[in-house]
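As structure tokens, the structure follows; a few thoughts come after it.
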């Protein structure tokens, strides 16, 4: 499973480069990768894959959005979202492990993960830039809601399909512990 964590750290790095620039925080494919990792690997390994991704980026490898890397990214405006990826992957995977791996529950779990990521990012943004709550919400939540829901659906749909095939091929366990 640790190889799978590395694979999903790499997938996250690749999808991070698919971005729509915005003034403070770009819309990127990172959260799609977070949802896929959690849906396919489960809570523990999904979170580990995001820790690996964060550590690689913190070490200076340009894996974050816009081909950026370094510890300074983690203490910048996008840092809270990156820390949130770890919690989001855990929460998404945990919900699926405690319920079942169906498309509907995967969608619910991925929406919960999206909320976790946005909460981490917005709180961090508010504190870091000393913003008011309305300003932090305007910069850190509202621009990402529609695209976030689309990515949550895609992560659920693709994640469940891939997970079923990997379980059938006996490449991952049916219940990730």
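In the UniProt record's numbering, the protein residues as written are 1 to 177.
Even for Gly, the Cβ is constructed at its ideal location relative to N, Cα and C.
Since we're looking at a predicted model, the values are computed, not measured.
In DSSP terms, what residue i is bridged to
{"i": "residue 19", "result": "28"}
{"i": "residue 182", "result": "Residue 182 lies beyond the stretch modelled for the chain, which goes from 1 to 177, so this question has no answer here."}
Residue i, DSSP secondary structure in three states
{"i": "residue 49", "result": "helix"}
{"i": "residue 132", "result": "coil"}
{"i": "residue 100", "result": "coil"}
{"i": "residue 91", "result": "helix"}
{"i": "residue 178", "result": "Shown here, the chain extends from 1 to 177; a query on residue 178 therefore has no answer."}
{"i": "residue 121", "result": "helix"}
{"i": "residue 78", "result": "coil"}
{"i": "residue 10", "result": "helix"}
{"i": "residue 156", "result": "helix"}
{"i": "residue 34", "result": "helix"}
{"i": "residue 114", "result": "helix"}
C-beta atoms of residue i and residue j nearer than 8 Å
{"i": "residue 158", "j": "residue 36", "result": "yes"}
{"i": "residue 46", "j": "residue 92", "result": "yes"}
{"i": "residue 52", "j": "residue 5", "result": "yes"}
{"i": "residue 90", "j": "residue 43", "result": "yes"}
{"i": "residue 64", "j": "residue 16", "result": "yes"}
{"i": "residue 156", "j": "residue 118", "result": "no"}
Inter-residue spacing [alpha-carbon to alpha-carbon] between residue i and residue j
{"i": "residue 173", "j": "residue 29", "result": "27 Å"}
{"i": "residue 109", "j": "residue 152", "result": "8 Å"}
{"i": "residue 10", "j": "residue 87", "result": "18 Å"}
{"i": "residue 150", "j": "residue 33", "result": "13 Å"}
{"i": "residue 55", "j": "residue 39", "result": "21 Å"}
{"i": "residue 18", "j": "residue 144", "result": "14 Å"}
{"i": "residue 161", "j": "residue 73", "result": "33 Å"}
Residue i CB to nearest heavy atom of the ligand MG below 7 Å
{"i": "residue 123", "result": "Annotation note on the ligand MG: not contained in the displayed structure, which lists no ligands."}
At least 3 beta-carbon pairs within less than 8 Å: the segment 125 to 140 vs the segment 20 to 28: yes
With contact counted as at least three CB pairs below 8 Å, one residue from each stretch, are the segment 66 to 76 and the segment 102 to 119 in contact? no
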